[in-house]
Amino acid sequence: MFRMKRNPAAGGRRFRKALAERGKFGQDAARSRAQYCGTAGGSPGCRTAPGHTFSPVRERLSKSLKTDWQMKHHKHLSAATLAALAGSISTTAPAQEAAKPADAPKWKQSAGVGFSLTQGNSETVLFTANYSGSKKWRQNEVAIGLNGGYGENNNVRNNEFIKAFGQYNWLFGQDRRWYGFGRLDGLYDGIADIDYRINVSGGLGYYFLKEGVNENTRFNLSAELGPGFVTEQVGGLSNDYATLYVGEKFTWKISDRSRLWQSVEYTPQLDSFENGVINFEVGVASKLTDKMELRTVLTDTYRSEPAAGRKHNDLKFVTSISYTF
Numbered sequence: 226m227f228r229m230k231r232n233p234a235a236g237g238r239r240f241r242k243a244l245a246e247r248g249k250f251g252q253d254a255a256r257s258r259a260q261y262c263g264t265a266g267g268s269p270g271c272r273t274a275p276g277h278t279f280s281p282v283r284e285r286l287s288k289s290l291k292t293d294w295q296m297k298h299h300k301h302l303s304a305a306t307l308a309a310l311a312g313s314i315s316t317t318a319p320a321q322e323a324a325k326p327a328d329a330p331k332w333k334q335s336a337g338v339g340f341s342l343t344q345g346n347s348e349t350v351l352f353t354a355n356y357s358g359s360k361k362w363r364q365n366e367v368a369i370g371l372n373g374g375y376g377e378n379n380n381v382r383n384n385e386f387i388k389a390f391g392q393y394n395w396l397f398g399q400d401r402r403w404y405g406f407g408r409l410d411g412l413y414d415g416i417a418d419i420d421y422r423i424n425v426s427g428g429l430g431y432y433f434l435k436e437g438v439n440e441n442t443r444f445n446l447s448a449e450l451g452p453g454f455v456t457e458q459v460g461g462l463s464n465d466y467a468t469l470y471v472g473e474k475f476t477w478k479i480s481d482r483s484r485l486w487q488s489v490e491y492t493p494q495l496d497s498f499e500n501g502v503i504n505f506e507v508g509v510a511s512k513l514t515d516k517m518e519l520r521t522v523l524t525d526t527y528r529s530e531p532a533a534g535r536k537h538n539d540l541k542f543v544t545s546i547s548y549t550f
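If you read the sequence shown in our numbering, its first letter stands for residue 226, the second for the next number, and so on.
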């Protein structure tokens with residue numbers, strides 16, 4: 226049988242060749258390592274763990290995988306952050322809207338005119354105009370008013386007046402029944418020979434009945450008391466003096482289409498109570514449409530010391546059509 230003879234020289238050549246190739250591989254690896262790390266001898270940051278052969282490909286792959294993981298991690302974090310932020314905005318927005326007052330206070334205003342004319346045995350003409358406005362906040366109230374008129378009877382003037390007022394109330398106490406007030410009144414009356422009468426007053430008021438506080442009530446009833454000061458020119462004579470202001474006001478919302486009001490004011494001179502003025506007013510308003518109403522007002526002014534040749538009482542009954550807004 227044929228048997229191959231072993232050649233010791235050939236075996237040695239193969240062994241030496243393998244060693245040479247292994248050495249060349251090691252040199253190539255070291256050269257690649259030096260090129261990758263930036264130094265021929267390497268650096269501490271580029272050393273591999275003992276027993277591991279350095280591989281640039283492996284390191285690039287590791288860095289790539291790490292970068293991908295970081296990007297995905299940041300994406301998930303960003304999505305979660307955005308979701309949380311959106312949820313926070315969606316929950317806080319309704320809360321902020323709910324915190325806003327449902328109905329902000331608005332002015333309640335009305336302006337009206339009245340006119341009457343007669344011809345025949347008597348010739349009369351009467352023109353009147355009025356304006357009123359009010360606004361109520363949680364702790365404050367404002368009311369203003371202006372009215373005037375002019376009339377003739379057989380070409381003789383029998384009506385000529387302008388009256389205005391403004392009042393501010395600051396509410397306090399339980400149920401805000403108490404209030405401090407400041408008030409300004411002005412009057413011109415050509416028939417009563419009053420060139421001007423200006424009254425400034427202030428003091429303390431109290432609501433005995435108050436709509437929105439007393440259950441199922443449609444009434445407001447208040448009383449006011451405080452000092453005041455008057456400057457006036459009546460019958461051509463000027464006078465200034467301190468007064469006491471006493472007031473009472475009543476309103477009744479009869480229905481959604483009608484209301485009634487009444488007020489009394491008494492302003493006597495502090496050092497001479499014989500000299501004083503009383504103003505009384507009562508009126509009713511009924512809606513004709515949502516914006517139009519019919520007003521009927523009765524006023525009476527009593528002066529204990531009128532101008533020479535004038536009467537103590539001035540009574541007026543006025544009907545007008547008013548526009549509310």
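Note that beta-carbon positions come from the ideal geometry of N, C-alpha and C, so glycine has one too. Values in this document were obtained by computation on a predicted structure and should not be read as measured data.
Which whole-angstrom value describes the C-beta separation of residue i and residue j, a residue pair presumed to lie in contact below a C-beta threshold of 8 Å?
i, j, result
"Phe550", "Gln364", "Actually they are not in contact, since the Cβ atoms of Phe550 and Gln364 sit about 25 Å apart, beyond 8 Å."
"Leu396", "Tyr404", "5 Å"
"Gly339", "Ser545", "3 Å"
"Thr456", "Tyr470", "No, Thr456 and Tyr470 are not in contact; Cβ-Cβ is about 15 Å, not under 8 Å."
"Thr468", "Phe454", "7 Å"
"Leu351", "Gly376", "4 Å"
"Leu409", "Phe433", "Between Phe433 and Leu409 the Cβ distance is about 25 Å, and since that is not below 8 Å, they are no contact."
"Val509", "Thr526", "Wrong, their Cβ atoms sit about 20 Å apart, outside the cutoff."
Using only CA atoms, which one of the options lies nearest to residue i?
i, options, result
"Asp420", "Glu385, Ala354, Gln344, Gly501", "Glu385"
"Tyr431", "Ala417, Leu446, Arg422, Leu523", "Leu446"
"Pro531", "Phe542, Tyr375, Asn464", "Asn464"
"Ala336", "Ala329, Pro330, Ala354", "Ala354"
"Leu429", "Arg401, Tyr527, Ile423, Val543", "Arg401"
"Gly472", "Arg482, Ser497, Ser480, Gly427", "Gly427"
"Arg443", "Ala417, Gly451, Trp486", "Trp486"
"Arg528", "Glu490, Thr521, Val522, Gly508", "Glu490"
"Trp332", "Gln344, Ile387, Tyr356, Asn346", "Tyr356"
"Glu506", "Ser488, Tyr393, Gly407, Gln494", "Ser488"
"Asn424", "Phe433, Lys388, Lys435", "Lys388"
"Arg484", "Ser497, Asp496, Leu513", "Leu513"
"Lys516", "Leu523, Arg482, Thr524, Thr526", "Arg482"
"Asp496", "Ala510, Tyr466, Gln392", "Tyr466"
"Gly451", "Ala368, Gln494, Gly358, Lys361", "Gln494"
"Asn379", "Val367, Gly358, Asn346", "Asn346"
"Gly461", "Arg422, Ser359, Lys360, Val367", "Arg422"
"Ala533", "Glu449, Val459, Lys360", "Val459"
"Lys478", "Ser511, Ala448, Glu449", "Ser511"
Within 10 angstroms of the Cβ of residue i, are there 16 or more other Cβ atoms? Answer buried if so, exposed if not.
i, result
"Ala324", "For Ala324, the predicted model reports a pLDDT of 48, less than 50, meaning its position is unreliable; a value from the coordinates is still stated below. Label assigned to Ala324: exposed."
"Tyr548", "exposed"
"Val282", "Here Val282 scores only 47 on pLDDT, less than 50, and its place in the model is too uncertain to base an answer on."
"Glu348", "exposed"
"Arg382", "exposed"
"Gln399", "exposed"
"Phe542", "exposed"
"Lys474", "buried"
"Lys536", "exposed"
"Ser341", "exposed"
"Ala417", "buried"
"Lys344", "Reading off the sequence, residue 344 comes out as Gln, not Lys. With fewer than 16 other Cβ atoms within 10 Å, it is exposed."
"Asn394", "buried"
"Phe406", "buried"
"Asp414", "buried"
"Trp362", "exposed"
"Thr316", "For Thr316, the pLDDT reaches just 49, beneath the cut-off of 50, and the residue's location in the model is therefore unreliable, leaving the point undetermined."
Is there at least one Cβ from chain D nearer than 8 Å to residue i's Cβ?
i, result
"Ile423", "Of the protein chains in this structure there is only one, and it is not chain D."
### Task
Count the CB pairs spanning the region 427–447 and the region 492–503 that are closer than 8 Å, and state whether there are at least three.
no
### Message
Quick check on the DSSP output: what are the complete beta strand (DSSP E) runs of length 3 or more inside the region 440–489, in order along the chain?
### Response
444–459, 462–480
### Task
Ignoring anything shorter than 3 residues or poking outside the region 375–446, list the beta strand (DSSP E) runs there in chain order.
381–397, 403–414, 419–434
### Task
Scan the region 506–550 and note each continuous beta strand (DSSP E) run of 3 residues or more that stays entirely inside, going in chain order.
517–528, 538–549
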